Structure formats: C-alpha cells, structure tokens
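Comments concern the structure below.
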Amino acid sequence: MDVKHVAKLAHLDITDSEVELYTPQMANIVRYIEQLNELEIDDIEPMLGGLTDEGKATVTIREDVAYGSFTQEEALIEAPAGVEGHFQVPKVL
Amino acid sequence: MSVVSKIENVLTNAERLNDELNSFLSIERESALARAAELDAEPGERLLEGVAIAVKDNICTKGMRTSCGSQILHDYRAHYDATAISRLKDAGAIIVGKTNMDEFAMGSSNESSAFGPAKNPWDISRVPGGSSGGSAVAVASGVVRASLGSETGGSVRQPASLCGIVGFKPTYGRISRFGLVAFASSLDNIGIFGQTTKDVADVLTAIAGRDERDSTSANVPVPHYGSTLGNDVAGKVIGVPRALLGEGVDEEVRASIESAIANFESLGAKIVDVELPHAKYGIAVYYIIATAEASSNLARFDGVRYGFRAEEAAGLREMYFKTREQGFGPEVKRRIMLGTYVLSSGYYDAYYSKAQRVRALVKRDYTEAFTKCDAILTPTSPDTAFKLGERSDDPIAMYLSDIYTVSANLAGIPGISVPCGLSGDGLPFGVQLVGNFWSEQTLFELTHAYETAFPLGAKPAVFAE
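Residue numbers (my numbering), protein chains in the order written: chain A, 1 to 93; chain B, 1001 to 1465.
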C-alpha cells in the first residue's frame, strides 16, 4: 500500500516518519484482513447496515412539520472562526 | 440521606481517585449538585431517582465537554443531550462526569486517549481495557453504580471483563444513537456498565426504545428489565462453541470458563454444543467495515464548524490537511487510512463487499445456533488486563483482544459480560453470554442468577468506600 497516497485521499498531511511507522503496520493489517479470500462467498447476499428485521419494519417517516433547531448563534459557538453569522475559513482560491 | 449528600460523596470520591485512575476527563460538580438540590426539593420515585451516572466522553451532554478522547475536540461542548442522556435525566439520574476513552472509541486499552490512559483499579500498572475504559473504571472503583459506554466491537464488554464488573451491549436499534458521536454507524451501540445486572437492567429500562431522531432505533416494546431478575433459570439452554475455546486463550481463563459452564449447569441450565464456523473471521470483517464507515464518519472533522483548527495554513485545503494531521492520534489515522484504502477505487469488491458477505454468514451462524439454545457462552476476552504499553506497538495483537466480542456487533445481537473469576495474580475476568435479537431479559435473568450464586468476592486495590 502506498501510505502517502492513501493519506492524501484521507486528507491527512502525514510526515515521513509516520510513513515509515505506518507502512509495515498497514501491510500487516491488510495481510490479516485478506484471510477472507479463503472463503467462497460470491453467492451470499451482502449484509448492508446493521438493522434487525424489527428495525427494518420500523416506520421512520415523521409528519412533515417544521420544528425548532439551533439558532444561528448557537450553531456558531463552537466554530474556530466565524464572522457575521457565517463560518470563516482560510482563502479558497 | 439527602440526594445532595449522596452526590457530594460521589463527587468527592471521583475527585480523590482521579489522580491515580484518570477515569474522568471532567467531573461536573456544579451541575450535579444543582440537580441534586432540585431532587431534594421535589422528591420523586422514578426508576433512577438521584442515581449518579458517569458517561463516556463520546456521548453528547448539553453544556458539558464531549471530547471523544481526542485533541480535535479537546474543548468541544455539546449543544444538546443525546437521547440516552435526556431519558436518564427524565428517569431522575444525575450525570456526574464524562469519562476517559480511546480516541474516537478506537482501541482496546484506553491508551489511545489524547489525555493519557485510565488505569485499572485492580492494578494501576495495567490497562482497564477499552475503548470505554474510563466508564468501566468509574464503576469498578466504586465511584458510581452505573455508567454509559459505547460499543463498536466489544468496547463495553471487554473492559467490564478486565475490571471485574458487568458490561452490556444491546440489540442494534434498542438504544437510540442520537447524540453518540459516530464511529461505525452499522456497528455502534450505546452500552451500559453496572456493579450488578440490576444496575444495568434499570438503566436500560430508562433509555431503551424508539427515537424519532435515530432512524435505526427500532419500534419494539420496552419491558421493565429488572422485573424478572430472580426468575428461575433452570431449563434455560446455553450453547458452548467448543471450537472457539482452544488456541490463544489464557490457561487460567479457560479453566475458569469451564467452571462457569459447570456453575450454570448447577443452576439448572442445560449445556449444548453449538458451532459458529465464521466467528474466526470476525476481526477481519470488523476491521474492514468499521474502518470504512469511520473514514466516512470522521470526514466531518475538518476544522470548519467545531473543534480544533490548525493555524498557519495558506489556504482551505491545507487547513483541512493540517487540522486532521495535528488533531488525530496514530490509531485514528491508521483506521481512517485503512478505511480509505478498502473503499478506494478498484478495491471495493475485494474488501468491503466481501466483508459484508462474511458479515451475513456470521449473522446466519448465530440465527442457526439460536434455534438450539437461549444464549451462547464464551470468555469475554482471551486474557486478563495487560500492562500499560505492552501492546501499543502491535495493532493486530491489540485488535485480537476483541475476538470474542466483535461478532455480536457484526450480527447486531445483545451480549453481556459478568465477572467469573480471578487469576492467580488477582486480576478479574468475565464470562460472556450473547443472545438472540431482543433477548436482553433472558440474558439478565441468567447473569443475575450467576452473580447471585457465584459472586466474585473480591474488590479492587483502589476502591471508594
């Protein structure tokens, strides 16, 4: 695995010493998970999500009515930077 | 005794033991005492009236820190209560603090916490297990009777085993996940620690049930789980997957599991053999599905809307990269990268799709086994608490701590660990029972009967009197 490339896909700016640390570890983990290759399972339906039959049968649609949520002020309290009711970020271009 | 003096006592113990155990990341003295005073002024008889509860720091608690054990959320305060928290409060409970955990619940020892590990009260040179280590220690050290944790692959049951208490994971959909910070959504559950099965059953009764805000919470009636504790368990059928009790299990643990089987027999349970042929693939399946879902869920931590933001970034993209690089610790980065890799173009079928098929087989094994038995018994963990630092450099050795617990998360079935013995060097370990979907009540009847007839009979070295 090209750890540096994968890190880039994951938006992680990892250092060279991290590449050195993670490369053998990730290779070991990938080797471990590849034990699934010994199974012949093409005819098995994949299990999507974790729902039980009762969970699948549960009606999850609610009435289409508006209800309260955070105010703009509340939504911005935890933001590292905000200005005039907006999230502020470094320049994009 | 007034609620205020009871809670004062809990807070004093929590504060006094925390230097040694590091189980709490925050202790909420002011709000807990204010709530206690309210309860004293208007006494009630709700299920958890005045009961002190500690909560894992990845469950949102309004106005309280919710750090997930991570630098990236180190001073984040939640704006709202998780549904489990608002239901606890409605039942009269008082939240006394937020507990230490592996960063984003990724780990089996609590050592990946950005704030240092919690320590095992039986031997503070050892890990408490993880990822819900702090919540396990808060109960094991006698500070609280019950606490909330979370489980993705065994993060409540495994530390319960290593700390000598009861740890429980519900059926998927039994407890709303609204307000539980997502790690792997199809595997995540809020779980419960208790000094006894009764503590766990009462908390579950208070927090279980359908929640409009979590579409995966199921519309299944919630019984009063404590009401049938004490029922005779004679005639219950317990399955034992013999093939899983061989390789890799500590000798003392194995011997004690054999006596746990004999003990259940002496309570009148019938023991039968069952097969779980795909359980051995559980860890491999878990590390594909959990990391894939985590890589997606943790994409939200980007330094824009909340949490930590790296300084000195020239532009937006660089800010994302630096924030995530500086904000996440090594185990979280490893898992995000593994998840990114297994989902990346050209690899989806080889890993993710395959893992979902094996997951279906793991579930099918259980469904078949439960046609023959009411519960399946195994060790909770292959060994007792290991030394701090012992497995830090070997991710796979750490992952294998969850070998007996992870399959229940894959299948979505409930499981519980109850103390069953002490090793020669005085460390506790648990026996695990897993049951069919929605069979929580049967599991509780079994573990209540077990702990009543065969109590551990020892307390940790560090314990609040």
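Note that the Cβ used here is the ideal one computed from N, Cα and C, for glycine as well.
This structure is a prediction, so every number in the text was calculated from the model and none was measured.
Using a Cβ-Cβ cut-off of 9 Å, Gly-68 of chain A does not count as an interface residue toward chain B, since no Cβ of chain B sits closer than that to its own.
The C-beta separation of Ala-1138 of chain B from Gly-1129 of chain B comes to about 13 Å, leaving the pair out of contact by the 8 Å criterion. Looking at the DSSP output, Asn-1058 of chain B sits in no beta bridge, so it has no partner there. Under the DSSP assignment, Leu-1162 of chain B falls in the alpha helix (DSSP H) whose first and last residues are 1157–1163. Under the Cβ distance rule, Pro-1159 of chain B does not count among the residues neighbouring chain A, no pair being separated by less than 9 Å.
Per the coordinates, the alpha-carbon of Pro-1043 of chain B lies some 34 Å from the alpha-carbon of Cys-1068 of chain B.
Annotation for Ala-1146 of chain B: no alpha helix (DSSP H) segment contains it, though the beta strand (DSSP E) segment containing it runs 1146–1151.
If you draw a straight line from the Cα of Ser-1345 of chain B to the Cα of Ala-1084 of chain B, it comes to about 38 Å.
DSSP places Ala-1208 of chain B in the strand class (E or B) of the three-state scheme. Under the three-state reduction of DSSP output, Ile-1261 of chain B falls in the helix class. Per the DSSP secondary-structure output, Ala-1078 of chain B pairs in a beta bridge with B:Lys-1062.
By the Cβ rule, the region 1395–1410 of chain B counts as touching the region 1357–1364 of chain B, because three or more pairs are nearer than 8 Å.
Following the DSSP letters along the chain, one finds Phe-1024 of chain B in no alpha helix (DSSP H) but inside the beta strand (DSSP E) bounded by residues 1024–1027.
Looking at the DSSP output, Ile-1175 of chain B sits in a beta bridge with B:Ala-1208. With contact defined as three or more Cβ pairs closer than 8 Å, the region 1173–1181 of chain B and the region 1386–1401 of chain B are not in contact.
Under a criterion of Cβ atoms nearer than 8 Å, the residues of chain A adjacent to Met-1319 of chain B are, in order, Val-89, Pro-90. Each of B:Arg-1364, B:Ser-1086, B:Val-1096 was checked against the Cα of Thr-1012 of chain B, and the nearest Cα belongs to B:Val-1096.
Sixteen is the threshold: when 16 or more other Cβ atoms of the shown chains lie within 10 Å of the Cβ of Ala-1375 of chain B, as they do, the residue is buried. The alpha-carbon separation between Gly-1430 of chain B and Leu-1298 of chain B amounts to approximately 32 Å. In the structure shown, Phe-1444 of chain B adopts helical secondary structure according to DSSP, grouped into three states. Using a CB distance below 7 Å, the part of the region 1403–1422 of chain B facing chain A consists of Gly-1412, ordered along the chain. For Val-1096 of chain B, the enclosing beta strand (DSSP E) covers residues 1094–1099. Assignment of Lys-1270 of chain B by DSSP, reduced to helix, strand and coil, places it in the strand class. The criterion of a C-beta distance shorter than 9 Å is not satisfied by Asp-1199 of chain B and Val-1222 of chain B.
Among the bridge pairs identified by DSSP, Gln-1432 of chain B is matched with B:Thr-1378, B:Ser-1417. Under the 8 Å Cβ criterion, the region 60–74 of chain A does not count as touching the region 1284–1297 of chain B, having fewer than three qualifying pairs.
For a Cβ distance threshold of 7 Å, residue set Ile-33 of chain A lies close to Ile-1288 of chain B, ordered along the chain. A straight-line Cα-Cα distance of about 22 Å links Tyr-1225 of chain B and Gly-1154 of chain B. Going by DSSP, Val-1240 of chain B is part of the beta strand (DSSP E) stretching over 1237–1240. Taking a contact to require three or more Cβ pairs closer than 8 Å, the region 1323–1334 of chain B and the region 1104–1123 of chain B qualify as touching. With fewer than 16 other beta carbons inside 10 angstroms of its own, Asp-53 of chain A counts as exposed. Against chain A, the beta carbon of Val-1304 of chain B has neighbours under 8 Å at Ala-79, Pro-80, Phe-87, Val-89, listed in chain order. In the DSSP annotation of this structure, the continuous segment of the alpha helix (DSSP H) that includes Gly-1339 of chain B starts and ends at 1330–1343.
In this structure, Gly-1421 of chain B lies near Ala-1260 of chain B, with their beta-carbon atoms less than 9 Å apart. Under the Cβ criterion of 9 Å, Gly-1307 of chain B is counted among the residues facing chain A. Using a Cβ distance threshold of 9 Å, Val-1127 of chain B and Ile-1053 of chain B do not count as a contacting pair.
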